[in-house]
Each structure stands twice: as C-alpha cells, then as structure tokens.
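Just below is one structure, and these are the notes that go with it.
Residue numbers (full-length UniProt numbering): 1 to 251.
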C-alpha cells in the first residue's frame, strides 16, 4: 500500500519483487488523509472503535499529534489532518459524509484553533474531544492517561504499579514515532511518550514516577520501555535516565 507521493520508480521496484501495490492519495497531505480515512471505513477494522471514531491532527506541526499514531494502528482509527485556522475542504467533506463519528482533536489551539474546533462541533453529531497540552510531551502523557468511557477510546494508563510498557521517541523524529506504532498493537500495547534527545521532560518524568512508586515487594509486574533510534536520536545518558525511572524501586 503506497500512501501519498511515492515515486513510480519505487512502485515498479516493489512490483518487480512480485508484490501487488495499491496507491492512495497524492502530494497533498490533507487530501491524502481524507482518502485513506475513506478507504479505512470502506474496509472497517474488527475493532468497533475504528468504525465510530476518528483522530484529527495538525498537518503543519506533527509533534503535537505523534502520540495518536500508535493508538490508531492499535484500534484502526482513521487519521485526518487539519490546518491551524482552516479545515481543508477534503477533510470538511469527509466530516459531512460521516457526521456521526466521534472526533478526537490532538494538540493545543496553537496548532488546531478553537475556530476549527467550533466548526467541527457545529457540523458533527458525534462527540468532539480535544487532547490538550502545553507541549508535545504533556500531550503524550495526557493521551496515555486518557480514557473515554462512552467510546472506549484511550490507553487508560493511570494506575500505579501495573507494570506498564511505553515506547519512547524524541519529538524531532516523527518517522520513529510511526515505526513505534507496531509495539502499540499486539504484545505490549505500548503508548508513545515523547522526550528530548538529552533529557526527560518534567511532565514525562513525573508521570513515570507516579506509575512506578517505591514498593516493598520485588515481584512483578515490572515496567518496560522501548527506546527507538540510535544515540543521535536519544542520547546514552537519557536512556540511562529512562531506565532509572522505570526500574523497580524498593522502600
């Protein structure tokens, strides 16, 4: 499946290996997000969530929407892209054609404005919920904690001592964020947390310490973290800091 402006040369190389290809979208990311979402609903996932909900991310500032990708892979939710002050025509039309969907907006009003949110609320019959935060780091923590009891959407990682697993990616490498989505599905069901190359942001550190309190027992469950990229992406010292935050702490 080729999404967006993948060259014909690459497509021919894939076909030469015996693979069948399907091309969706073009060089316009907003049109492509609508086209992929339509295709997703044409072949709905087994999960009910993928039939009834959609994520809306900024098409201009991807860092604030990175945390959505893994969950979208996990439950088969379509992802649409928006401009800050304007809902692109193709995306607006998608909403008009599917007015009962619940919409989850990722990011602050600095990337998707209140005016765009109001426009969506006016036209949609489903619920419209924003996953907010003052930074991409806070947004990743907020979504990891988030759970919508009406739809079941959200990781609901908000209870200490359960031995949660997380994928750890720097905000500068969106490609790693996409790749990490594989570990958000079968197996570990790991939410994505965002950090800097050289440090763990305070919001993420506080969250990990909340989930990993000191305890008397040395028995499982134990926390896990999957750090993506080489030391140019996340420094060695930062990886050590991550290990210190998730390691078993005794009284």
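Positions of the beta carbon are idealized from the N, C-alpha and C atoms, including for glycine.
If you look at residue 14, you'll find it in the alpha helix (DSSP H) that goes 8-16.
Here residue 112 carries a coil assignment [DSSP, helix/strand/coil]. Comparing alpha carbon positions, the residue from 248, 22, 14, 64 closest to residue 137 is 64.
In the three-state reduction of the DSSP assignment, residue 43 falls in the coil class. In this structure, residue 247 sits away from residue 208, with a CB-CB distance that is not shorter than 8 angstroms.
In the DSSP annotation of this structure, the continuous segment of the alpha helix (DSSP H) that includes residue 203 starts and ends at 202-211. Going by beta carbons, residue 54 and residue 103 fall inside the 8 angstroms limit. In this structure, the straight-line span from the alpha carbon of residue 12 to that of residue 19 is close to 10 angstroms. For the 8 angstroms CB-CB criterion, residue 66 and residue 177 form a contact. Distance from the CA atom of residue 100 to the CA atom of residue 124, rounded to whole angstroms, is 6 angstroms. Residue 30 is classed as buried because its beta carbon has at least 16 other beta carbons within 10 Å across all chains shown. Between the segment 84-100 and the segment 21-38 there are three or more C-beta pairs closer than 8 angstroms, enough to call the two in contact. Per the coordinates, the alpha-carbon of residue 134 lies some 10 angstroms from the alpha-carbon of residue 110.
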